[in-house]
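Heads up: the structure comes next, in structure tokens.
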Amino acid sequence: MLKLIKKFIKKVFQSLFRRRKNLKIGLYGPPNGGKSTLANRICKDWLGEEMSEVSKIAHETREIQLKEQVTIKSEDGKELTFSLVDTPGIATKIDFEDFVKKGIKKKEAKERAKEATKGVIDAIKWLDEMDVVVVVLDGTKDPYTQVNITIIGNLQARDIPVLLVANKMDLKKSDVKRLEAAFPQYDIVGISAKYGNNIDQFYEGLFAIAG
Amino acid sequence: MLTLEYIPYSRLEQLSSDERIDEILSIVKQNRIVLLEGKLKKEEETELISKTMESINEKFKGVEFGTIDSAMQESAAFFAKLKKSMANILLGDRVGMTIIGPASIVKEIKQDPEKIQVFTKNTNQKKKRKNK
């Protein structure tokens, strides 16, 4: 009972202060789910410029990327201003040989792997700084991975509001229903960050959890 | 040769979160797959990932892990769910099972709410290819 009361008070305080301080929205997820592509889509739509480098090779984002003062507007005239945080993909294993197989030279691959491990640690450290998190999942892949379960479970345990995104909906293999079945307690927005499909619904989702 | 090491809940029960993770990782680094009775806390899972990342080098490539939590099965009927929730309250982290293995041996762990499958790498094939 005491726990419930504490949780309630914490939520009320969090919602009060969240509106006053600089709101941070983090993009989290496994590598190559499309976090940086979504970050670029948001920044292009509202600031007219891109934010992060993207690549087909995993772990392209190895440092936290921050874009301050992003303001989005809803159809009914509401505004939401926040700092957008693009994070390195969270993984449980990193093998430099995987980068070598993708054509990167051995020395560079080892450096990339080292930076990627640091990136994962930083992404986890930054979890506590987030007010809202968008979990970007690859809609073409099996959703029941431990990384997805760990990220979503941690956000739930920390009482951080979550929006789940099923990305890559432009690809035939993508399947939002499979993600909905895996995480039935969440609303899931299916998008293509690359082509902007269904992006308005994504912004509506952001207003719903952070506005 | 594949080695599995079963860790009963009682072995980790009295340890701090840090000590639990260190214990698990020390076994995994010996190229053994850990079968843990119960599950780690959510914060311990992220700590396991962080500590794994800190340990990665040319020999140790990381881990694969998966948890099956019978209390969380969405498909269960109401009374079955209630029974499992009660068990979870009474037994805490003892409910469920966790598998943690080195990424050099465990290729993938597939899981859904009802089952967990561990796919290992075929190391013999690699050796055979090298011998050719």
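Chains A and B supply the protein sequences, listed in that same order. Residue numbers for the first sequence follow the numbering used here, beginning at 11 and rising by one. Residue numbers for the second sequence follow the numbering used here, beginning at 9 and rising by one. Positions of the beta carbon are idealized from the N, C-alpha and C atoms, including for glycine.
Among the options, the one whose alpha carbon lies nearest that of residue i
i	options	result
E78/A	A68/A, K66/A and T91/A	T91/A
A220/A	L173/A, V145/A, I198/A and D105/A	L173/A
Q38/B	K67/B, F73/B, E21/B and L44/B	K67/B
E122/B	K115/B, L33/B, M105/B and N130/B	M105/B
I100/A	K115/A, A126/A and G87/A	A126/A
L165/A	L76/A, D148/A and M140/A	M140/A
S34/B	K118/B, F73/B, K129/B and T60/B	T60/B
E45/B	S25/B, L20/B, S63/B and P16/B	P16/B
T97/A	S62/A, Q156/A, E85/A and I67/A	S62/A
I108/B	D30/B, S18/B and E62/B	D30/B
K83/A	K115/A, I52/A and K182/A	I52/A
L76/A	V186/A, V95/A, D180/A and A167/A	V95/A
N158/A	S24/B, N130/B and K118/B	K118/B
K182/A	A191/A, P171/A, K151/A and K124/A	K151/A
E60/A	K45/A, R72/A and I35/A	K45/A
G215/A	K204/A, N32/A and Y196/A	Y196/A
G39/A	K204/A, A191/A, G163/A and L147/A	L147/A
H69/A	D138/A, S184/A and K112/A	K112/A
E62/B	K128/A, D169/A and K34/A	K128/A
S184/A	G36/A, G43/A and L33/A	G43/A
For residue i, the three-state DSSP class (helix, strand or coil)
i	result
F217/A	helix
R51/A	helix
S184/A	coil
Q22/B	coil
Y17/B	helix
T4/A	Any answer about residue 4/A is impossible in this case: the structure gives chain A only from 11 up to 221.
V175/A	strand
K112/A	coil
R40/B	strand
T81/A	strand
T11/B	strand
N164/A	helix
L48/B	coil
V130/A	helix
Q195/A	coil
S62/A	coil
D138/A	helix
D105/A	coil
Span separating the alpha-carbon of residue i from that of residue j
i	j	result
N207/A	I76/B	35 Å
F127/B	R188/A	22 Å
V175/A	V143/A	10 Å
Y213/A	F193/A	20 Å
A111/B	K103/A	7 Å
F217/A	Q211/A	10 Å
R122/A	L56/B	21 Å
T160/A	K50/B	6 Å
A49/A	K115/B	31 Å
D55/A	I209/A	10 Å
N65/B	K117/A	14 Å
V110/A	A119/A	6 Å
F73/B	S58/B	14 Å
A26/B	E89/A	Per the sequence presented here, residue 26/B reads as Asp, with Ala not at that position. Each residue's Cα considered, the two are about 43 Å apart.
T155/A	Q125/B	12 Å
S83/B	G58/A	In this predicted model, S83/B has a pLDDT of only 47, less than 50, meaning its place in the structure is not dependable enough to derive any value.
I201/A	L43/B	38 Å
K47/B	E53/B	9 Å
G149/A	A133/A	22 Å
T11/B	F106/A	25 Å
K204/A	D180/A	9 Å
R19/B	N177/A	42 Å
DSSP bridge partner residues for residue i (one or two, in chain order)
i	result
P110/B	V71/B
G36/A	V95/A and V143/A
I76/B	M105/B
V126/B	I117/B
E89/A	K83/A
Q75/A	D96/A
S202/A	N207/A
D169/A	DSSP output for D169/A lists no bridge partner at all.
Chain C contact for residue i (CB, 9 Å cutoff)
i	result
Y154/A	In summary, chain C is missing from the structure at hand, where the protein chains are A and B.
TODO: Check each residue of the region 78-105 of chain A: if its Cβ is closer than 8 Å to any Cβ of chain B, include it; give the result in chain order.
DONE: Within the region 78-105 of chain A, the qualifying residues are I100, A101, T102, K103, I104 and D105.
- [ ] Could you name the residues of the region 58-69 of chain B whose beta carbon sits closer than 8 Å to any beta carbon of chain A, in the order they occur along the chain?
- [x] Taking 8 Å as the Cβ-Cβ cut-off against chain A, the residues of the region 58-69 of chain B that qualify are S58, T60, M61, E62, I64, E66 and K69.
- [ ] Note down, in chain order, all residues in the region 35-55 of chain A with a beta-carbon under 7 Å from any beta-carbon belonging to chain B.
- [x] Within the region 35-55 of chain A, no residue has a Cβ that lies closer than 7 Å to any Cβ of chain B.
Task: Chain-ordered residues of the region 164-190 of chain A with a beta carbon less than 7 Å from chain B - done: Flagged, chain order: N164 and A167.
- [ ] Determine which residues of the region 113-136 of chain A have a Cβ less than 9 Å from any Cβ of chain B, and write them out in chain order.
- [x] Against chain B - using a Cβ distance shorter than 9 Å - the residues of the region 113-136 of chain A are K120, A123, K124, A126, T127, K128, G129, V130, I131, I134 and K135.
TODO: Anything in the region 37-56 of chain B with a Cβ closer than 9 Å to a Cβ of chain A? List those residues in chain order, please.
DONE: Here the close residues are K49, K50, E51, E53, T54, E55 and L56.
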